[in-house]
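>
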Amino acid sequence: MPKQKTHKSASKRIIKLTTGGQYMARTMSAQHRTSGKATRVLQRSRNTNTLPRTENKRLAKLLPGW
77 MPKQKTHKSA SKRIIKLTTG GQYMARTMSA QHRTSGKATR VLQRSRNTNT LPRTENKRLA
137 KLLPGW
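Position 57 of the sequence shown, counted from 1, bears residue number 133 in our numbering, the numbering being contiguous throughout.
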């Protein structure tokens, strides 16, 4: 049986897997078109977020090597 391939777009969006088993990703809407956004919004969007636990099962299929 061949190896399962990693979903490349998912691997680029997910930063890391925590020790508790949760995936972390960057906040959306922080890279482009930021001129009209408030400074506080941009500061908050620099952080990483833990994704909901409901996404873990789906991401585990997309990222088999993690």
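Backbone N, C-alpha and C fix where the C-beta goes; we use that ideal spot for every residue, glycine too.
Note down the Cα distance separating residue 104 from residue 121, rounded to an integer number of angstroms.
7 Å
> Restricting to Cα atoms, I'd like to know which of 96, 102, 95 is closest to residue 87.
102
> Nearest to residue 48 by alpha carbon, out of 112, 117, 111, 124?
Residue numbering for the chain in the displayed model covers 77 to 142; residue 48 lies beyond these limits and cannot be assessed.
> Could you tell me if residue 135 is buried or exposed, where buried requires 16 or more neighbouring beta carbons within 10 angstroms of its beta carbon?
buried
> Quick one: Cα of residue 113 to Cα of residue 77, how far?
50 Å
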